[in-house]
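Step one of this worksheet: look at the structure below.
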Amino acid sequence: MKTLSVRQPWASLLSSGVKDVENRIWAPSNDLIGKRILIHASSVKIPKSFFDTIPFEWCSAIANATRYGWIPNNDDAPLGSIIGYATLVGSARSTDSLWDGGEGQIKWIFTDPFVFDEPIPCKGKLGLFDYPLEEDNLPKAHKAIAFKPYLNGTEAVFPVEDSLIDELDGMPGPYYDVTMENVNDFFDPSVEDSYVSKNVQTIRLVSPFRTVIHEVESVETFPDSYQDTGEPIFYTSLGGEDFVKLMMCFVLKR
1 MKTLSVRQPW ASLLSSGVKD VENRIWAPSN DLIGKRILIH ASSVKIPKSF FDTIPFEWCS
61 AIANATRYGW IPNNDDAPLG SIIGYATLVG SARSTDSLWD GGEGQIKWIF TDPFVFDEPI
121 PCKGKLGLFD YPLEEDNLPK AHKAIAFKPY LNGTEAVFPV EDSLIDELDG MPGPYYDVTM
181 ENVNDFFDPS VEDSYVSKNV QTIRLVSPFR TVIHEVESVE TFPDSYQDTG EPIFYTSLGG
241 EDFVKLMMCF VLKR
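In this text, residue positions in the sequence shown follow our numbering: the first is 1, and each later residue adds one.
Have a look at this one:
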């Protein structure tokens, strides 16, 4: 199968479904469209300064991904191995994806991601390379659980790695870094500079094996603010919009 080598944490983000595009300077050939592509995590370690080098939007999305178990923490990310696969459905010069790297990049668009239960040790290569696996005889893998949390009426729906559901049960409530992808799901865009969330009465935690529903007592919102004045800090998004970095805590009824 064709295999794409990607540095971490991008490889884990792709195979988990958090990241739906991969930015490259070259386009895939037409015969690859509709095919499953193996995702190889290169042997390059994630630098300690990693979060200082990427947009705040991506920092928030990666924080959520590790907090809810969609991807491993940076220190635990597998290296030098094939970790999963996804279907390449096309490419474009511009997309609406949070992970669109902007001008000068060709966006490879992926869907239907799977993560291998056990990574396959493998030395990577530049570009695409062949690995001796057949699509109809792949090692055991599990469907990625990641999807964007969203508000369904008055219920917040969150994908969670199964082992974390009980751990979250013992906390005051799940925390979530709001991203530009779904800020309008949780906040009313017609209310300017409002940091009060929409009405949330329950939160549904969804894993591949079970669903747990909790009643929500309140939703606390924490805008990123200047310590000396308390005024919100405005950042510039990848799309050129000004935004305030928000964190939400769903305080559960006990």
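We put the CB at the ideal spot given by N, CA and C, even for glycine.
- Cα-Cα separation between N137 and M1, rounded to whole angstroms: As a position in the sequence shown, residue 137 is number 137, starting the count at 1. As a position in the sequence shown, residue 1 is number 1, starting the count at 1. So the two alpha carbons sit approximately 11 Å from each other.
- Short check: CB of H106 to CB of R24, under 9 Å? The residue you call residue 106 lines up with position 106 of the sequence shown. The residue you call residue 24 lines up with position 24 of the sequence shown. Sequence check: residue 106 is Ile here, not His. A Cβ-Cβ contact shorter than 9 Å links I106 with R24.
- Task: Use the C-beta contact count for I213: other C-beta atoms within 10 angstroms, 16 or more gives buried, fewer gives exposed.
- Result: Mapped onto the sequence shown, residue 213 falls at position 213. I213 should be labelled exposed.
- Under the rule that 16 or more other beta-carbon atoms within 10 Å means buried, what is Y85, buried or exposed? Working through the sequence shown from its first residue, we reach residue 85 at position 85. That one is buried.
- Query: Short check: CB of S12 to CB of A63, under 9 Å?
  - Reply: Taking the first residue of the sequence shown as position 1, residue 12 is located at position 12. Taking the first residue of the sequence shown as position 1, residue 63 is located at position 63. No.
- Rank K35, N74, S60 by C-alpha distance to the C-alpha of F48 and give the top, closest one. For this step, residue 48 is matched to residue 48 along the sequence shown. According to the sequence displayed, residue 48 carries Lys and not Phe. Of the listed residues, the one whose Cα sits closest to K48 is N74.
- Do you know how far the Cα of N182 is from the Cα of Y150? As a first step, residue 150 is located in the sequence shown; it is residue number 150 there, counting from the start. As a first step, residue 182 is located in the sequence shown; it is residue number 182 there, counting from the start. If I take the Cα positions, the gap works out to 7 Å.
- Query: Roughly how many angstroms separate the alpha carbons of I233 and I120, rounded to a whole number?
  - Reply: To locate residue 233, count along the sequence shown from 1; it is residue 233. To locate residue 120, count along the sequence shown from 1; it is residue 120. Whole-angstrom Cα-Cα distance: 43 Å.
- Alpha carbon to alpha carbon, how far is T236 from P132? Position 236 of the sequence shown holds residue 236. Position 132 of the sequence shown holds residue 132. For T236 and P132, the distance between alpha carbons rounds to 44 Å.
- Under 9 Å between C-beta atoms of S91 and I71: The residue labelled residue 91 in the question sits at position 91 within the sequence shown. The residue labelled residue 71 in the question sits at position 71 within the sequence shown. No, Cβ-Cβ distance for S91 and I71 is not below 9 Å.
- Query: In whole angstroms, what separates the C-alpha of C59 from that of T179?
  - Reply: Within the sequence shown, the letter at position 59 stands for residue 59. Within the sequence shown, the letter at position 179 stands for residue 179. Cα to Cα, the separation comes out at about 9 Å.
- Task: Would you kindly report the start and end of the unbroken beta strand (DSSP E) that includes L252?
- Result: The sequence position of residue 252 within the sequence shown is 252, counting from 1. Its beta strand (DSSP E) spans residues 246-252.
- Query: Taking the C-alpha atoms as reference points, what is the distance between S225 and N184?
  - Reply: Taking the sequence shown and counting its residues from 1, one reaches residue 225 at position 225. Taking the sequence shown and counting its residues from 1, one reaches residue 184 at position 184. Going from the Cα of S225 to the Cα of N184 covers about 20 Å.
- Task: Have a look at the DSSP bridge pairing and note the partners of K125.
- Result: The sequence position of residue 125 within the sequence shown is 125, counting from 1. Under the DSSP definition of a beta bridge, K125 lacks any partner.
- Query: In terms of DSSP beta bridges, what is D242 paired with?
  - Reply: As a position in the sequence shown, residue 242 is number 242, starting the count at 1. According to DSSP, which records beta bridges pairwise, D242 is partnered with T236.
- Query: Would you call R36 buried or exposed, if buried means 16 or more other Cβ atoms sit within 10 Å of its Cβ?
  - Reply: Counting from one through the sequence shown, the residue named residue 36 turns up at place 36. So R36 ends up on the buried side.
- Query: Are the CB atoms of I145 and G239 nearer to each other than 9 Å?
  - Reply: Position 145 of the sequence shown, counted from the first residue, corresponds to residue 145. Position 239 of the sequence shown, counted from the first residue, corresponds to residue 239. Result no, Cβ atoms of I145 and G239 do not sit closer than 9 Å.
- Same chain only: Cβ atoms within 6 Å of E223, ignoring 5 sequence neighbours per side: In the sequence shown, counting from the first residue as 1, residue 223 sits at position 223. The displayed chain sequence assigns Pro, not Glu, to residue 223. Answer for P223: Y195, P232, V244, L246, listed in chain order.
- Item | Local Cβ density within 10 Å of D20, reported as buried at 16 or more and exposed below that | The residue labelled residue 20 in the question sits at position 20 within the sequence shown. D20 is buried by the Cβ-count criterion.
- Message: Can you list, in chain order, the residues of its chain with a C-beta nearer than 8 Å to that of F158? Leave out the 5 residues immediately preceding and following it.
- Response: Along the sequence shown, one-based indexing puts residue 158 at 158. Counting only Cβ-Cβ distances below 8 Å, and skipping sequence neighbours, we find Y68, P149, P174, Y176, I203, R204, L205, V206.
- May I have the straight-line CA-CA distance separating N30 from L4, to the nearest angstrom? Translated into the one-based positions of the sequence shown, residue 30 becomes position 30. Translated into the one-based positions of the sequence shown, residue 4 becomes position 4. So the two alpha carbons sit approximately 16 Å from each other.
- Item | Segments assigned beta strand (DSSP E), at least 3 residues, entirely inside the stretch 119-166 | 128-130, 141-143, 150-152, 155-159
- Message: What does the Cβ neighbour count give for S94, buried or exposed, with the cut at 16 atoms within 10 Å?
- Response: Counting from 1 along the sequence shown, the entry for residue 94 is found at position 94. It counts as exposed.
- Message: Please give the ranges of any beta strand (DSSP E) in the stretch 169-221, keeping only runs that are unbroken, at least 3 residues long and fully inside the region.
- Response: Runs of the beta strand (DSSP E) inside the stretch 169-221: 175-178, 202-206.
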